[in-house]
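Under the numbering used here, think of the first position of the sequence shown as -10, with each following residue one higher. Just so you know, even glycine gets a beta-carbon here, dropped at the ideal spot from N, CA and C. Notes for the one structure printed next.
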Amino acid sequence: MDQGPTAEAVAPRLRAAVLRLARRLRVDRDRSALSNNKIAVLSHLSREGDSTPSRISRDARQHPQSLTRVFAELARDGLIERIADPDDGRRSLLRLTAAGRAAFEHDMALRDRWLAAALHDFSPDELRLLSGTAPLLDRIGAAGDA
-10 MDQGPTAEAV APRLRAAVLR LARRLRVDRD RSALSNNKIA VLSHLSREGD STPSRISRDA
50 RQHPQSLTRV FAELARDGLI ERIADPDDGR RSLLRLTAAG RAAFEHDMAL RDRWLAAALH
110 DFSPDELRLL SGTAPLLDRI GAAGDA
């Protein structure tokens, strides 16, 4: 009796497809789009709220030093602000500003527009299948998050 595909059989094909799509979403975007590191920081703050630089770095799976310049540029551009941690005045938190939220939403809208155009010729059945797959991909992406 056929048990269907195994995780080991699906993994390479899924990896290749997701990496190709991720590359296209990064590359095929407007020149005004923010860098991937800036999007990672703004996305974290949008999703999680105020956060420490070290937590953002950990969640982005980067060394804190790798994002120091990104944090400074985002603050200089008014997209984030540093505030005192109410629980520990020696620490600072990063907070998304209204301008930061607007820049993040604008960038996501550019990517969504590109993706919608790429999906334009898909059939209603294919779109339903992709719509049902999105939560599964999100679940894979969240695996191991604590």
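Out of curiosity, what's the CA-to-CA distance linking residue i and residue j?
| i | j | result |
| --- | --- | --- |
| R2 | I72 | 44 Å |
| H52 | S46 | 6 Å |
| D39 | R79 | 16 Å |
| T(-5) | L14 | 28 Å |
| P42 | M97 | 22 Å |
| V16 | P75 | 39 Å |
| H109 | S81 | 45 Å |
Taking the CB atoms as reference points, tell me whether residue i and residue j lie closer together than 7 Å.
| i | j | result |
| --- | --- | --- |
| L136 | L85 | In the structure as shown, the chain starts at -10 and stops at 135, and residue 136 therefore has no counterpart that could be examined. |
| A49 | A29 | yes |
| L99 | D19 | yes |
Ordered along the chain, which non-local residues of its own chain (more than five positions away) have a Cβ less than 8 Å from that of residue i?
| i | result |
| --- | --- |
| V59 | S24, N26, K27, V30 |
| L126 | V7 |
Please list, in chain order, all residues of the same chain as residue i whose beta carbon is under 6 Å from its beta carbon, the five residues on each side excluded.
| i | result |
| --- | --- |
| L104 | none |
Between which residues of its own chain and residue i is the CB-CB distance below 7 Å, once the five residues before and five after are set aside?
| i | result |
| --- | --- |
| L68 | L31, T86, A88, G89, A92 |
| A64 | E70, R71 |
| A106 | none |
So what's residue i in DSSP terms, helix, strand or just coil?
| i | result |
| --- | --- |
| A136 | Not covered by the structure: residue 136. The range shown for the chain is -10 to 135. |
| D101 | helix |
| A73 | strand |
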